[in-house]
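One structure is given here, and the rest of the page talks about it.
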Amino acid sequence: MFDKLFGKSSEEKPSKPMERQVEGEVLIRMPLMSDAMEYGIITKWHVKVGDVIKADDILAEVETEKATMELESHVDGIVQELSPEGERVAVDEVIARLGLLDESTTEEFNALGPNMKGTVGEVRMFAGDKIPRHWLKCDGSLYKVEEKEELFSIIGNKYGEGENSFRVPKIDPIGGVMFIICAR
1 MFDKLFGKSS EEKPSKPMER QVEGEVLIRM PLMSDAMEYG IITKWHVKVG DVIKADDILA
61 EVETEKATME LESHVDGIVQ ELSPEGERVA VDEVIARLGL LDESTTEEFN ALGPNMKGTV
121 GEVRMFAGDK IPRHWLKCDG SLYKVEEKEE LFSIIGNKYG EGENSFRVPK IDPIGGVMFI
181 ICAR
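For the record, in the sequence shown the residue sitting at position 107 is 107 according to the UniProt record's numbering, with numbers rising by one throughout.
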């Protein structure tokens with residue numbers, strides 16, 4: 001049963017874009033949560049694309065004809081794609097795609113620093129040791145436009161420089177707390 005739920009059947013033929021599978025990925029399918037279940041509705045995702053999850057983490061709440069139940073992950077991975085909340089999904093249809101974590105990807109991922117969501121151009125106070133992925137320290141550093149196009153499209157040359165480069169704002173730390181800006 002779990003092989004079918006997690007896309008390990010070699011007999012399957014992809015029929016929808018989300019059903020394509022490459023090596024190192026796991027497809028999460030709508031599980032059969034009761035004998036009479038034909039479909040489920042994902043009422044709430046507890047994860048977002050980009051999240052690192054562990055086996056036994058709660059992925060979503062699934063509503064069936066009889067009850068709302070939690071769907072757990074059975075593998076460690078990085079969430080790559082999720083089906084929309086609120087849609088009716090047939091049993092065995094793909095609802096999520098995970099990239100598998102092995103020892104090398106886990107080390108690489110951890111070396112990138114913590115994951116923190118934000119809006120491009122948003123400035124926040126930060127007290128950690130490692131600056132989160134996709135964030136930059138607000139120290140007035142110079143960047144090439146081509147390297148940080150999204151951020152440049154928001155802040156432009158507001159902090160000086162020419163057409164090919166720009167600076168992030170320079171905001172002095174306060175009592176060991178620095179300021180960071182979301183770059184993507």
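Ideal placement from N, C-alpha and C gives every residue a C-beta, glycine not left out.
Check                                                                                                                                         : Outcome
Distance cutoff 7 Å, beta carbons only. Does Arg97 sit that close to anything in chain B?                                                     : Of the protein chains in the structure, only one exists, and it is not chain B.
Tell me, please, whether the segment 63 to 82 touches the segment 130 to 146 by the rule of three or more beta-carbon pairs shorter than 8 Å. : no
Spell out the partners DSSP gives Ile28 in its beta bridges.                                                                                  : Ala96
Under three-state DSSP, which class holds Ser141?                                                                                             : coil
Which residues mark the beginning and the end of the alpha helix (DSSP H) in which Glu150 is found?                                           : 149 to 155
Please state the DSSP three-state secondary structure of Glu146.                                                                              : helix
Going by Cα to Cα distance, which pick from Ile180, Leu142, Gly99, Val120 is closest to Phe126?                                               : Ile180
Helix, strand or coil: how does DSSP classify Thr106 here?                                                                                    : Below a pLDDT of 50, predicted positions are generally treated as unreliable, and Thr106, at 49, falls in that range; no measurement from the model is reported.
Find the nearest neighbour of Asp139 within the set Lys148, Ser34, Pro173, judged by alpha-carbon distance.                                   : Pro173
Where Glu63 and Val120 are concerned, what is the direct C-alpha to C-alpha distance, given to the nearest angstrom?                          : 34 Å
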